[in-house]
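Student:
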Amino acid sequence: MFRLCLLGAVLSFAVLGSLATESQQSSTEVQLDGSSEQQLQEEEDEDESQSAEASLSEFISGDYADYPVRVLKEVDVDTLNENCVNGECKGLMFDDPSEVVFFEAKPAIRFTSGSTYKFKKPQEYDVLKFIDSKFANFPLNLFYALKIRELDMRNCSIQSLTWDNFLMADQLSILLLSDNDLQEVAPMTFNSAENLAFLFLDGNDIETLHRESFKELNKLYMLDLHDNRISSLHDDVFTYLPALQQLNLAGNQLQVIADVLFANNPRLVSVSLERNALEKIGDYAFQNQEDMEYIGLSHNTPLQILVGNMRVDNLWARNCSISRVNIYGKVKNADFQLNRISELYFSRPESLETLRISDNSLMQIASLSQATNLQYFDVSNNPQLQTLPEFWQADSLEVLDLSNTSLTSIPIAILSASEKLKSLNVSNNHLSRIDPGDFKYFEKLDHLYLHRNNWNCYSLQIIMDMLIRPWKISYTMDIYDENFPGEYIGGIKCMYRLDDNDDDDMENSLLEPLSMAGLTSRLTQSIAEGEKDVGESSQVYEDGISEQVSDIEILRTELKAIVGIYEQKFSHFYNKIEELDRRLKTFEQFNKTLWQHVTITI
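Under mature numbering (1 follows the signal peptide of the UniProt record, and there is no 0), the letters of the sequence shown match residues -20 to -1, 1 to 582, in that order.
#1: Here's the rule I'm using: 16 or more other beta-carbon atoms within 10 Å means buried, otherwise exposed. How should PRO77 be labelled?
#2: Would you report the Cα separation of LEU(-14) and VAL240, rounded to the nearest angstrom?
#3: Could you have a look at LEU286 and say whether DSSP puts it in helix, strand or coil?
#4: Which residues in the same chain have their Cβ closer than 6 Å to the Cβ of THR169, if we skip the five residues on either side of it in sequence?
#5: With 16 as the cutoff for other CB atoms within 10 Å, does LYS473 come out buried or exposed?
#6: Apart from the five residues just before and just after ASN289, which ones in its own chain have a Cβ nearer than 8 Å to its Cβ?
#7: For ALA173, does the three-state DSSP call read helix, strand or coil?
#8: May I have the straight-line CA-CA distance separating ASP315 from ASP461, to the nearest angstrom?
#9: Check whether the Cβ atoms of GLU341 and SER360 sit closer than 7 Å, and answer yes or no.
#10: Would you verify that the beta carbon of PHE178 is, or is not, closer than 7 Å to some beta carbon of chain C?
#11: Return helix, strand or coil for TRP296, following the three-state DSSP convention.
#12: Check whether the Cβ atoms of ALA223 and LYS199 lie closer than 7 Å to each other.
#13: What's the C-alpha gap between ARG320 and VAL81?
#14: Of the residues ARG336, LEU318, ASN306, GLU399, which one's Cα is nearest the Cα of ARG328?
#15: With contact counted as at least three CB pairs below 8 Å, one residue from each stretch, are the segment 147 to 163 and the segment 127 to 136 in contact?
#16: Is the beta carbon of VAL217 sitting closer than 7 Å to the one on LEU258?
#17: Considering only residues of the same chain and omitting the five flanking positions on each side of ILE442, which have a CB-CB separation below 7 Å?
#18: Is any heavy atom of the ligand ZN found at a distance shorter than 6 Å from the C-beta of LEU227?
#19: Could you round the C-beta distance between SER407 and TYR429 to whole angstroms and report it? I think they count as a contact, below 8 Å.
#20: Could you spell out where the alpha helix (DSSP H) holding TYR124 opens and where it closes?
#21: Find out if the Cβ-Cβ distance for the pair GLU270, VAL249 is shorter than 7 Å.
#22: Between the alpha carbons of TRP451 and SER376, how many angstroms are there, rounded?
#23: Excluding the 5 residues preceding and the 5 following ALA397 in the sequence, name in chain order all residues of the same chain whose CB lies nearer than 6 Å to its CB.
#24: Measuring only the C-alpha atoms, how far is SER495 from LEU478?
#25: Would you mind working out which of GLU192, ASN117, ASP204, GLN226 sits nearest ARG247, comparing C-alpha positions?
#26: What does a CB cutoff of less than 8 Å around GLU399 pick up in its chain, not counting 5 residues either side in sequence?
#27: Short of 7 Å in beta carbon distance, which residues of its chain neighbour LYS70, apart from the five on each side in sequence? Order them along the chain.
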């Protein structure tokens, strides 16, 4: 039997409307005037027909005048009792697109005697779930036969929705239509479900949303549209959702978010736009939202510039192509990892508590010098950075990751101002030493990552013995390489060498007392002074010379031992030692000659 489904829906609506008032109580008795049950049924059928025709005329002349009428084969299902147990219905198979399931709409009437009958209330379900079922078209009259608050029809192969599917759905609060085959949400589809609060349409094939797709959903709190095929949005598509707080549009094909898209959603707290093809986000797209909790923009490869006026706790924009970030507003936690950012600006840096900006192209972060409340800062893998703000009030900082930022020295100014710092990562840089005078700023640390640097073994040994081990600071080790020409101290690679400054200082300090003119001058002065107390001066001079020679010999022995091991790797250093040795021999010869010509008179 083929019928107009629209007409069937409206007829049912009219019948229920005429009986709803009388059936407010679960059992309302009605006195009959002696008519038989057959006569009563005939009269009811005639009244239904007249009422339905009037209702149909009213509907068609109203909002739905232009709505297309579907002509489908109707499959009448009197009851769900045979297929449903405890709110779970299984094995209902109606996957023919030319068919639509039509649930019995009439309230059951039970005769208690020859002259009285009772209206039986529709069965109520807090939750009705369809499992292993298929409906090519959403069932008709489902909400006439049942009073449902939560309807779960996920993965039911539903291809179409129309406004007449939700007539009498005024008690529906949660609707799950995920993982179906919907391609469109027609205008005014949910007009009769005015109490709907949670709507899940994710995992479908939706390409089109109309301006009035969500009209009358004034109480909708959450709308999930992720993993569809939506490429554009009408500026007013969310206008009819004043209570909307959570919106998920991730995994679509959106390219632009207009300034006015969320203008009428002041309560919006969470927007997910990850995995789209966004090229532009309006500067004022989020300016009407006072305190948002989350904005997700990650994995939008075409997005190159992020400029926005927003107030949000969590701003996530990972793995895009962003080169410039300008945030005018308040952001608490931001994640911009895996971009190309070279310009970074926050108008209110004092609001930041967490900032992850690793794997970018930053050269400076001057705008963060006033980030006084920053607790977690990851700026790793920015090899062009090299320097940090000189005057950074980072007194709240607890975790600082500066790995692979081409540092040649640790920013002591930041450490001295960061009383709460517990974790410092300076691995994979160009560090060679830490001044022992600065160790006091490291003692508060729990974790210190030092591996993959250019450590001098002398300095590293001091760091281990005077800082890491005494204060029980945890650290990471280098991966062992048997071909590494240097040594491992505490599992960290290092090389024995004198730094350039130390090299020059040592050379000057050693060669200064070996100057011939200097020695002659000092000896002459000593002899002159010896006229007053020759014996005492002579003994002091001998002790002084012996002490100098002894110290130099000890140093020469140590350095020669090191050169003996690493002579092929430290040719420059070895040459200097050779020069030092030559001068020492000259000094020894001069010393012997000098004492042969010195006469001491007592």
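We put the beta carbon where it would ideally sit given N, CA and C, even for glycine.
Tutor: So, from the data block:
#1: By the neighbour-count rule (16 or more Cβ atoms within 10 Å), PRO77 is not buried but exposed.
#2: For LEU(-14), the predicted structure reports a pLDDT of 38, less than 50, and the residue's modelled location is therefore unreliable. The matter cannot be settled from this model.
#3: The answer is strand: DSSP assigns LEU286 an E or B state.
#4: Excluding positions up to five away in sequence, the list reads LEU141, TRP143.
#5: LYS473 counts as buried, since no fewer than 16 other beta carbons sit within 10 angstroms of its beta carbon.
#6: Take ASN289, set aside five residues on each side of it, and the residues of its chain with a beta-carbon closer than 8 Å to its own are ASP263, TYR264, PHE266, GLN267, TYR308, GLY309, in chain order.
#7: Coil at ALA173, not helix or strand.
#8: Across the structure, ASP315 and ASP461 are spaced so that their CA atoms are roughly 35 Å apart.
#9: The question names Glu, yet the displayed sequence has Ser at residue 341. No; because the gap between Cβ atoms is not below 7 Å, this pair is not in contact.
#10: Annotation note: the requested chain C is absent from the structure, which comprises a single protein chain.
#11: Look at TRP296 here: in three-state DSSP terms it is strand.
#12: Yes, these two residues count as a Cβ contact at 7 Å.
#13: Spanning the two alpha carbons is a distance of roughly 55 Å.
#14: Relative to the Cα of ARG328, the nearest Cα in the group ARG336, LEU318, ASN306, GLU399 belongs to ASN306.
#15: Enough Cβ pairs lie closer than 8 Å, so yes.
#16: Between VAL217 and LEU258, the gap from beta carbon to beta carbon reaches 7 Å or more.
#17: Around ILE442: PRO416.
#18: The ligand ZN is absent from the structure shown, which contains no ligands of any kind.
#19: About 4 Å separates the two Cβ atoms, so the contact holds.
#20: TYR124 -> alpha helix (DSSP H) spans 122 to 125.
#21: Taking a C-beta distance under 7 Å as the contact criterion, GLU270 and VAL249 do not qualify as a contact pair.
#22: Separation of TRP451 and SER376 (C-alpha to C-alpha, rounded to the nearest whole angstrom) is 22 Å.
#23: Exclusion of the five residues before and after ALA397 leaves ALA374, ASP375 as the residues of its chain whose Cβ lies within less than 6 Å of its Cβ.
#24: Because SER495 carries a pLDDT of 44, less than 50, the predicted location of this residue cannot be relied on, and no value is offered for it.
#25: For the residues GLU192, ASN117, ASP204, GLN226, the minimum Cα distance to ARG247 belongs to GLN226.
#26: Leaving aside the five residues that flank GLU399 on each side, the residues in its chain whose CB is nearer than 8 Å to its CB run, in chain order, ASP375, LYS424.
#27: For LYS70, where only same-chain residues beyond five positions count, the Cβ hits under 7 Å are ASN63, ILE111, ASP112, SER113.
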